[in-house]
Amino acid sequence: MLAGLCNLPIRDVALLTLREVPYLKVARPAWLALFKAMPNIVSLSIASDPPCTSDIISLLQTHIEAADSQKEKPIMPKLRRLLLQEIRFQEYHTDEDGTFVAGLCAAIKARRKGGRKLEKLHIKKCINMDEDDVLQLELEEVVEVVWDGEVEYEDEEDEEEDDYLDDDDAYGFYGRPLGPRDLFY
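Offset between the sequence shown (1-based) and our numbering: plus 1003.
Spelled out as structure tokens, the structure:
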């Protein structure tokens, strides 16, 4: 399916929304072809779970071969704004506090070092995160953070419910797609 999208006139796509789309390693060649076909993405919205946090970091760190040189360049070279919505920053039962934020900081710093600075990170309705996570992003001065201020930690019951929904529906999604108003508030 991803490979088929590359045949569409998508070169001028500036806003991309990925909702409950895993960035699987087996599909990496197809993802690379897709992102190579969309070099003008300025705003990326990633919503819900999947993808998992390691998928998001991997996506931001992915490089493609540049046609005009032997150097690799990051995918989405014009990316300036990233919206994370309904992303689980960490699993309920883990002690890996801040691992995603540290990886996100590293990925954003690497993009900046390569001349592909991310200007704004929007965080909206995310789970298992709080002001400490936002503060870490701001203290490391990697990106301007716009946060909705919502703090929601799931408990074991919430996680079991998510597992149940995932069993019923391949993606566990019963909502609506994101629209332009959902992106940047």
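Note that the Cβ used here is the ideal one computed from N, Cα and C, for glycine as well. Quick caveat, the model's predicted, so the values are computed rather than measured.
Whole-Å CB distance - residue i paired with residue j, under 8 Å assumed
i     : j     : result
D1158 : Y1095 : 7 Å
E1130 : E1068 : The sequence given here has Ile at residue 1130, not Glu. Incorrect: roughly 36 Å between the Cβ atoms, too far for contact.
L1008 : L1037 : 6 Å
Pairwise C-alpha distance: residue j and residue i
i     : j     : result
Y1167 : K1128 : Only weak support exists for where Y1167 lies, its pLDDT of 44 falling under 50; the coordinates are left without a value.
I1060 : R1114 : 11 Å
M1079 : V1029 : 20 Å
A1109 : D1133 : 19 Å
A1017 : E1153 : 28 Å
E1155 : G1101 : 15 Å
V1045 : R1091 : 24 Å
E1122 : K1112 : 11 Å
L1140 : T1056 : 15 Å
Q1064 : G1117 : 11 Å
N1010 : P1025 : 21 Å
L1027 : G1106 : 18 Å
H1066 : L1142 : 27 Å
F1103 : L1082 : 20 Å
Residue of the options minimising C-alpha distance to residue i
i     : options                       : result
D1058 : L1008, R1031, I1130 and L1138 : R1031
R1022 : E1122, E1141 and L1087        : L1087
K1042 : K1076, G1101, V1154 and L1085 : The displayed chain sequence assigns Pro, not Lys, to residue 1042. Among K1076, G1101, V1154 and L1085, the Cα nearest to that of P1042 belongs to K1076.
P1054 : L1140, R1083 and Q1093        : Q1093
W1150 : E1143, L1142 and L1138        : L1138
R1084 : V1024, R1119 and L1027        : R1119
Check whether residue i and residue j have beta carbons under 9 Å apart
i     : j     : result
A1033 : I1013 : no
S1048 : L1019 : yes
V1145 : H1125 : no
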